[in-house]
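Take a look at the structure below.
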Amino acid sequence: MIEAGDWDCLEDAEALAQRAAEAALSVTYEADGEFEASVMLADDAQIQELNRTWRGKDKPTNVLSFPAPEQPGSNGPRHLGDIALAYETLVRESQEESKELSHHFAHLIVHGVLHLLGYDHEVESEAEIMEGLEVKALATLGIADPYRDMAA
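Heads up, the sequence shown is in this note's numbering, so the first residue is 139 and it goes up one at a time.
Structure below.
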């Protein structure tokens with residue numbers, strides 16, 4: 139769902155989001171069965187409002203994930219939750235990090251899906267696991283390790 143931002147510059151965002159989500163699911167053990175998630179493509183102002191409301195942080199961020207509670211016994215695909223991306227932040231980070239916009243977009247979708255599955259990066263040991271899964275998922279899409287140049 140495109141809410142705001144110049145997302146038309148990202149060719150076939152829906153198909154790319156689908157492939158990135160499938161890549162994230164393919165590298166996790168949680169990938170048994172059918173899944174769905176909603177993706178909202180927004181601008182920094184909308185993401186800042188969501189970030190302030192739900193996380194108490196009054197600033198935009200690149201991606202937000204809202205996991206859905208599991209519904210035992212429900213028919214059809216399991217709804218994992220919702221992901222929201224901020225257009226201006228995505229573009230700025232892509233430029234600052236010299237990354238293709240589509241590659242950074244795919245990375246944020248993978249990152250968001252992993253959050254929906256319960257992965258996190260608040261502590262170093264969890265961050266290493268999550269980043270490792272991100273790298274594996276992105277490799278299936280032909281996208282280089284986004285963390286390779288970030289090592290200090």
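Backbone N, C-alpha and C fix where the C-beta goes; we use that ideal spot for every residue, glycine too.
Quick caveat: nothing in here was measured; it's all calculated off a predicted structure.
{"query": "Tell me which residues share the same chain as Asp144 and place their Cβ nearer than 8 angstroms to its Cβ, disregarding the 5 neighbours each side in the sequence.", "result": "Tyr225"}
{"query": "Where do the ends of the beta strand (DSSP E) carrying Glu208 lie?", "result": "Careful: Glu208 lies outside any beta strand (DSSP E) and carries neither H nor E."}
{"query": "Identify the continuous beta strand (DSSP E) that holds Ser263 and give its terminal residues.", "result": "First-last for Ser263: 262-278, but that is the alpha helix (DSSP H), not the beta strand (DSSP E)."}
{"query": "Using the C-alpha atoms, what's the distance from Ile221 back to Met178?", "result": "6 angstroms"}
{"query": "To the nearest angstrom, how far is it from the Cα of His259 to the Cα of Glu272?", "result": "12 angstroms"}
{"query": "Taking the alpha-carbon positions, what's the Leu279 to Gln156 distance?", "result": "11 angstroms"}
{"query": "Quick check on DSSP: helix, strand or coil for Asp144?", "result": "coil"}
{"query": "Leaving out the 5 sequence neighbours to the left and right, which residues in its chain are closer than 7 angstroms to Val248 when beta-carbon positions are compared?", "result": "Ala158, Ala161, Ala162, Glu272, Ala275, Leu276"}
{"query": "In the DSSP assignment, find the unbroken alpha helix (DSSP H) run with Arg216 in it and report its ends.", "result": "Premise fails: Arg216 lies in the beta strand (DSSP E), 216-224, not in any alpha helix (DSSP H)."}
{"query": "Taking 9 angstroms as the cut-off, decide whether the C-beta atoms of Gly217 and Glu187 are in contact.", "result": "Strictly speaking, residue 217 in this sequence is His, with Gly absent from that position. Not closer than 9 angstroms, so no."}
{"query": "Identify every residue that forms a DSSP beta bridge with Ser176.", "result": "Asp220"}
{"query": "If I measure Cβ to Cβ from His242 and keep anything under 8 angstroms in the same chain, skipping five residues before and after, which residues do I get?", "result": "Leu228, Glu231, Ser232, Glu235, Pro284"}
{"query": "Between which two residues does the alpha helix (DSSP H) harbouring Val248 extend?", "result": "239-254"}
{"query": "Buried or exposed: Val261, going by 16 or more other Cβ atoms within 10 Å of its Cβ?", "result": "exposed"}
{"query": "If we require 4 or more residues per run, which alpha helix (DSSP H) segments fall completely within the stretch 180-205?", "result": "182-193"}
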